[in-house]
Amino acid sequence: MTKLISEMAKPGFNWPICKESKAGKPGFERYENCPEGYKPASDDNDRRGGSNGVANRCEKVVNVCRNPKGRQTGLNYREVQYRQIGGGDHGNTCTQVVSIARPMRKDPYFFDISNDQGAKQRVWFNLDR
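Here you go:
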């Protein structure tokens with residue numbers, strides 16, 4: 086890996102491709118999947134210039150009237166953000182969006198490598214180690 090990383094720093098570097106594995110160039114996915122019940126979302130309210138549409142948060146819609154404290158089990162309350170959606174009389178509603186930071190991948194690079202039956206297997210790695 087050390088040799089590969091030093092070669093990547095040189096001008097004109099082309100990623101070596103192993104045609105037998107049909108892997109091609111590595112892929113990159115910065116974020117893990119969102120926890121169950123959440124969907125990826127971008128942080129459109131970032132006042133420092135936005136997130137360029139990167140899905141860096143996980144969100145879900147909850148009914149806080151059924152859960153008056155607005156807390157979800159298994160979450161650190163300080164990491165959860167709420168915003169009201171919809172409206173009603175005077176803007177009151179039981180429906181809110183719960184938003185948490187999307188987990189970062191420890192190993193964000195990957196190759197999809199075919200086995201001898203042609204099925205692809207994803208192998209994750211990190212170039213920063």
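Quick note on the numbering used here: the sequence shown kicks off at 86 and runs consecutively.
Note that the Cβ used here is the ideal one computed from N, Cα and C, for glycine as well.
Residue nearest to residue i in terms of C-alpha spacing, selected from the options
{"i": "Arg187", "options": "Asn99, Asn141, Gln202 and Lys95", "result": "Asn141"}
{"i": "Lys124", "options": "Pro111, Val146 and Lys110", "result": "Val146"}
{"i": "Phe196", "options": "Leu212, Gln202 and Gln181", "result": "Leu212"}
{"i": "Asp209", "options": "Gly138, Arg115, Cys143 and Asp128", "result": "Reading off the sequence shown, one finds Trp at residue 209, where the question assumed Asp. Measuring from the Cα of Trp209, the nearest candidate turns out to be Arg115."}
Short Cβ contact (8 Å threshold) for residue i with residue j
{"i": "Arg190", "j": "Glu117", "result": "yes"}
{"i": "Trp100", "j": "Lys88", "result": "no"}
{"i": "Val149", "j": "Cys119", "result": "no"}
For residue j and residue i, believed in contact at Cβ under 8 Å, the rounded distance
{"i": "Phe98", "j": "Tyr194", "result": "The pair is not a contact, with the Cβ atoms about 15 Å apart (cut-off 8 Å)."}
{"i": "Ala126", "j": "Ser184", "result": "7 Å"}
Which residues DSSP lists as bridging residue i, in chain order
{"i": "Glu144", "result": "Lys124 and Ser184"}
{"i": "Gln206", "result": "Ile198"}
{"i": "Met189", "result": "Tyr116"}
Where residue i falls, given that 16 or more other Cβ within 10 Å makes a residue buried
{"i": "Glu92", "result": "exposed"}
{"i": "Gln181", "result": "buried"}
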